[in-house]
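What follows is one structure encoded as structure tokens, with my remarks underneath.
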Amino acid sequence: MFEKLIKEIKELSTVDFKEATEKIRKYIDEISEKDFKEIVKQIGTIPENIEHDSTEEKLYSKASDIVLARCFRLLGLASRALDERADSADILAESISGYKYSLVADAKCFRLSRTAKNQKDFKVSNLSDWRGSENEYAVLVAPYFQYPQSTSQIYSKALDNNVCLLAWEHISILLEENVKETESLSLESLWNASQMIARDKSLSFANAKCCFLPKMDVYVAKKIGLPEAQYRSMLNDYKRLIKYRGKTEIAYWTGCIEEIRKYTKEKAIEELIKAKKLQEKINVISQYIDKLNR
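Heads up: the sequence shown is residues 85 to 378, going by my numbering.
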């Protein structure tokens, strides 16, 4: 099903972006819950065959917002992906079971080929600001194994600003276990997890930057009521899926290398000029000079 979504994105990449977004929204919102859950398992990893900085990549990012919004709805909240605006959150969700809270969320997806990520890739402080005065919580959702695994400023910033750091894998496990907010079960403590972690007396300024994903694992497992061993087993299933994806992505780039080896000298030169965007640089300089001549 994930492959079908990618095919849909590629086919719509030549259509007006707003129209393409609505078609992607319709596609994601109308597929069966079973198929949707399969997409959630893989959406955090951008396929290598989606060109970097392309319309396809922009559509993929929008698709991830729409996917996360539906995830929140399956978890019992009212939620929608917001229209694209600079300096604002991508998703808004609100409790409809009487708990009177709302949250903003940001969906992050990365390529397996992406080099070491820094705090700017996660925008924790921005997400806190986007919460504004009307929303109680801010939730960042990114691939579990693409979060910094030792230390990073994103963890101290999340604790300082009460931004909940969740993984797509956490969301997927919650959905697989059919967790849903109801009048008798509130998920509010999950969105408030960073504040709870910050109150931990064993936490000091020196280790505030340490990865606290294991603590989030405990919160998620507790909310579901899963034994630690079973939870770990489920997390390992996602790790195996990522390893499989890794082989697929390597095969894609290996195929690209083989294609390049078949290039004629002229074709290779042409592709190198295109890759370095040399003609575009010439055009920009020419346009600047033309303005001076007027």
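For each residue, glycine too, the CB sits at the ideal point set by N, CA and C.
Looking at the structure shown, is residue i part of a helix, part of a strand, or coil, going by DSSP?
{"i": "residue 292", "result": "coil"}
{"i": "residue 179", "result": "strand"}
{"i": "residue 199", "result": "coil"}
{"i": "residue 310", "result": "coil"}
{"i": "residue 129", "result": "strand"}
{"i": "residue 235", "result": "strand"}
{"i": "residue 98", "result": "coil"}
{"i": "residue 269", "result": "strand"}
Output the boundary residues of the beta strand (DSSP E) element that contains residue i.
{"i": "residue 223", "result": "221 to 226"}
{"i": "residue 164", "result": "161 to 165"}
{"i": "residue 112", "result": "Counting along the chain, residue 112 falls outside any beta strand (DSSP E), though it belongs to the alpha helix (DSSP H) covering 101 to 114."}
Determine whether the beta carbon atoms of residue i and residue j lie at a separation below 8 Å.
{"i": "residue 151", "j": "residue 124", "result": "yes"}
{"i": "residue 121", "j": "residue 260", "result": "yes"}
{"i": "residue 130", "j": "residue 206", "result": "no"}
{"i": "residue 318", "j": "residue 250", "result": "no"}
{"i": "residue 112", "j": "residue 162", "result": "no"}
{"i": "residue 208", "j": "residue 245", "result": "yes"}
{"i": "residue 108", "j": "residue 158", "result": "no"}
{"i": "residue 42", "j": "residue 243", "result": "There is no way to answer for residue 42, as the model of the chain reaches only from 85 to 378."}
Could you give the first and the last residue of the continuous alpha helix (DSSP H) run that contains residue i?
{"i": "residue 187", "result": "From DSSP, residue 187 is part of no alpha helix (DSSP H) but of the beta strand (DSSP E) over 186 to 191."}
{"i": "residue 139", "result": "139 to 158"}
{"i": "residue 347", "result": "That residue, residue 347, is in no alpha helix (DSSP H); it is neither H nor E in DSSP."}
{"i": "residue 210", "result": "208 to 214"}
Considering only DSSP beta bridges, list what residue i is partnered with.
{"i": "residue 247", "result": "222"}
{"i": "residue 338", "result": "DSSP, once it has assigned bridges, lists no residue as partnering residue 338."}
{"i": "residue 356", "result": "DSSP, once it has assigned bridges, lists no residue as partnering residue 356."}
{"i": "residue 194", "result": "129"}
Leaving out the 5 sequence neighbours to the left and right, which residues in its chain are closer than 8 Å to residue i when beta-carbon positions are compared?
{"i": "residue 308", "result": "257, 258, 261, 263, 315"}
{"i": "residue 267", "result": "181, 182"}
{"i": "residue 199", "result": "none"}
{"i": "residue 355", "result": "344, 347"}
So, at 7 Å on beta carbons, what are the nonlocal neighbours of residue i in its own chain, with the 5 sequence-adjacent residues on each side left out?
{"i": "residue 185", "result": "179, 220, 221, 272"}
{"i": "residue 312", "result": "305"}
So is the beta-carbon of residue i under 7 Å away from any non-hydrogen atom of the ligand COA?
{"i": "residue 277", "result": "Absence of the ligand COA from the depicted structure is noted, as is the absence of any ligand whatsoever, leaving it without description."}
Does residue i come within less than 8 Å of chain D when only Cβ atoms are used?
{"i": "residue 159", "result": "In the structure shown, chain D does not exist; there is a single protein chain."}
Using C-beta distances below 6 Å, list every residue in its chain close to residue i, excluding the 5 sequence neighbours before and after it, in chain order.
{"i": "residue 204", "result": "none"}
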